[in-house]
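Student: Each residue of the sequence shown is one higher than the one before, starting from 299 at the first, in the numbering used here.
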Amino acid sequence: VTINEALELNFELEEFKKIVNKRIEEKEKLLKNINIAFIECNHEQLYFFSKGIELGTGISIIPILIDEIYKEPDIFRERIRSIDLVVTTFFHYDEVKKFLVDQKQRVLAIALDPLMETMVNIAHLSSKNKSIGLVCITDKFAQRVFQSIKQAGIKFSSFKFTISHDKDEVNKFLIDTDIVITSPGRKKEVEKLISPRIPLIEFVYIPDKGSMSMLKLAILDIKREGGILENI
299 VTINEALELN FELEEFKKIV NKRIEEKEKL LKNINIAFIE CNHEQLYFFS
349 KGIELGTGIS IIPILIDEIY KEPDIFRERI RSIDLVVTTF FHYDEVKKFL
399 VDQKQRVLAI ALDPLMETMV NIAHLSSKNK SIGLVCITDK FAQRVFQSIK
449 QAGIKFSSFK FTISHDKDEV NKFLIDTDIV ITSPGRKKEV EKLISPRIPL
499 IEFVYIPDKG SMSMLKLAIL DIKREGGILE NI
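1. Under DSSP, the beta strand (DSSP E) around T416 begins and ends at which residues?
2. Got a sec, what are the start and stop residues for the beta strand (DSSP E) L505 sits in?
3. On the three-pair Cβ rule with 8 Å, is the region 372 to 392 touching the region 414 to 426?
4. Note down, one range per segment and in chain order, each alpha helix (DSSP H) of at least 4 residues found wholly within the region 333 to 417.
5. Would you kindly report the start and end of the unbroken alpha helix (DSSP H) that includes K453?
6. Tell me the rounded alpha-carbon separation between I477 and M417.
7. Look at the alpha carbon of D464 and the alpha carbon of R379, and state the distance between them as a whole number of angstroms.
8. Pick from E523, N333, S429 and A407: whose alpha carbon is nearest that of F471?
9. For I430, write down the residues that DSSP places opposite it in a beta bridge.
10. If you draw a straight line from the C-alpha of C339 to the C-alpha of F388, how long is it?
11. With distances taken from CA atoms, which of P412, E370 and Q401 is nearest E500?
12. So, at 6 Å on beta carbons, what are the nonlocal neighbours of D466 in its own chain, with the 5 sequence-adjacent residues on each side left out?
13. Looking at the structure shown, is T520 part of a helix, part of a strand, or coil, going by DSSP?
14. Note down the Cα distance separating R404 from I492, rounded to an integer number of angstroms.
15. The beta strand (DSSP E) spanning I499 covers which residue range?
16. For N319, name the three-state secondary structure that DSSP assigns.
17. From L353 to K514, what distance separates their C-alpha atoms?
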């Protein structure tokens, strides 16, 4: 609505100014605060993505487990209303896209790779005579770490993992292990229990360079459009 149109509709000038100022404030708020939902199937990757990825000031990452979508679909739909962009992995893209078919937010698929430093450290310390033990939160994360290590061609005598939070059980697990790997969410806990003689490596997955570029471009699009990046 232009000023002339507003006056023709019998808007008071002060009233029109208030409406314009309110719209400007709303636009500024959208530009300053962007909400990104990251949807994944395990706690570890959610934890790192929400805590370890820096996307700039005013950008909030809301972690959502896949299981939450099915257990509490109404709550999920309510949460997603304030989301500007939905991010998930390629593995879950079709599943998330199908669930959000009636929503207007775009779903962006990204690839997560092990941090190169993590793999180099494991390869440097491991050998065909050494055992590797993983302390993590979920079976899914353990399976993924095992596959990543195998695909990298790293040699080891055995691989085992525990998701136990019982202090005695974890202590026993650590004693019989040559190299200990931990997920980001359990590193501090394990550091307090492990012998200084046993190497401890934090296993971190990060978005690959191509995925980070796509994510940053999507954020720029949201800023230009002043709000939700709609599905096309």
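Glycine included, C-beta positions come from ideal geometry on N, C-alpha and C.
On a predicted model such as this, the values are computed, not experimentally measured, just so you know.
Tutor: Reading off the structure:
1. The residue given as residue 416 occupies position 118 in the sequence shown. Note, T416: premise wrong, no beta strand (DSSP E); alpha helix (DSSP H) at M414 to L423.
2. The residue given as residue 505 occupies position 207 in the sequence shown. A quick correction: the sequence has Pro, not Leu, at residue 505. First-last of the beta strand (DSSP E) with P505: Y503 to P505.
3. no
4. 341 to 350, 364 to 369, 371 to 378 and 391 to 397
5. Numbered from 1 along the sequence shown, position 155 holds the residue referred to as residue 453. Note, K453: premise wrong, no alpha helix (DSSP H); not H, not E.
6. Taking the sequence shown and counting its residues from 1, the one referred to as residue 477 is at position 179. Taking the sequence shown and counting its residues from 1, the one referred to as residue 417 is at position 119. Answer to the nearest angstrom: the Cα atoms are 13 Å apart.
7. As a first step, residue 464 is located in the sequence shown; it is residue number 166 there, counting from the start. As a first step, residue 379 is located in the sequence shown; it is residue number 81 there, counting from the start. The straight-line gap from Cα to Cα measures roughly 39 Å.
8. Taking the sequence shown and counting its residues from 1, one reaches residue 471 at position 173. Selected option, being the one with the closest Cα: S429.
9. By one-based count along the sequence shown, residue 430 stands at place 132. Beta-bridge pairing links I430 to F457 and I477.
10. Working through the sequence shown from its first residue, we reach residue 339 at position 41. Working through the sequence shown from its first residue, we reach residue 388 at position 90. C339 and F388: Cα-Cα distance of roughly 12 Å.
11. The residue you call residue 500 lines up with position 202 of the sequence shown. Closest option to E500, Cα to Cα, is P412.
12. Position 168 of the sequence shown, counted from the first residue, corresponds to residue 466. Nothing meets the Cβ criterion.
13. Position 222 of the sequence shown, counted from the first residue, corresponds to residue 520. Sequence inspection shows Ile at residue 520; the Thr mentioned does not correspond to that position. It is helical.
14. Looking up residue 404 in the sequence shown gives position 106. Looking up residue 492 in the sequence shown gives position 194. When rounded, the distance between both Cα atoms is 44 Å.
15. Locating residue 499 in the sequence shown gives position 201, where the first residue counts as 1. Where I499 is concerned, the enclosing beta strand (DSSP E) stretches over L498 to E500.
16. The residue given as residue 319 occupies position 21 in the sequence shown. Looking at N319 - three-state DSSP - the assignment turns out to be helix.
17. Locating residue 353 in the sequence shown gives position 55, counting from the first residue. Locating residue 514 in the sequence shown gives position 216, counting from the first residue. One C-alpha to the other measures close to 7 Å.
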